[in-house]
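**Student:** Residue numbers (this note's numbering): 88 to 144.
The C-beta atom is built at its ideal place from N, Cα and C for all residues, glycine as well.
Here the structure is a predicted model, which means the values were calculated and not measured.
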Ligand SMILES: [Zn+2]
């Protein structure tokens, strides 16, 4: 669970990928965010339900 203040955005929020990075694997091209999202450096991300999304903007 998120213990940041202010709390990180939920996975359903438009700015979900602005959550804190909790596991940085940028040398492998991805990182895990506080809300469970896996963010790839090609602009895609996965939500905890296993769905792939394209980062908007
Ligand atoms: Zn957090």
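Measuring alpha carbon to alpha carbon, tell me which residue in 128, 127 and 109 is nearest residue 120.
**Tutor:** Counting from 1 along the chain shown, the entry for residue 120 is found at position 33. Ranking the options by Cα distance to residue 120, first place goes to 109.
**Student:** Give me, in chain order, the residues of the same chain whose beta-carbon lies closer than 7 Å to that of residue 89; leave out the 5 immediate sequence neighbours on both sides.
**Tutor:** As a position in the chain shown, residue 89 is number 2, starting the count at 1. If we look at residue 89 and ignore the five residues flanking it on each side, its Cβ neighbours are 95, 121 and 122.
**Student:** Between the C-alpha atoms of residue 101 and residue 115, what's the straight-line distance to the nearest angstrom?
**Tutor:** Taking the first residue of the chain shown as 1, we reach residue 101 at position 14. Taking the first residue of the chain shown as 1, we reach residue 115 at position 28. So the alpha carbons of these two residues sit roughly 25 Å apart.
**Student:** Should residue 95 be listed as close to ligand 1, given that the test is whether its C-beta is under 6 Å from any heavy atom?
**Tutor:** As a position in the chain shown, residue 95 is number 8, starting the count at 1. Result yes, Cβ under 6 Å from ligand 1.
**Student:** Cβ of residue 121 within 6 Å of any heavy atom in ligand 1?
**Tutor:** Taking the chain shown and counting its residues from 1, the one referred to as residue 121 is at position 34. The answer is yes for residue 121.
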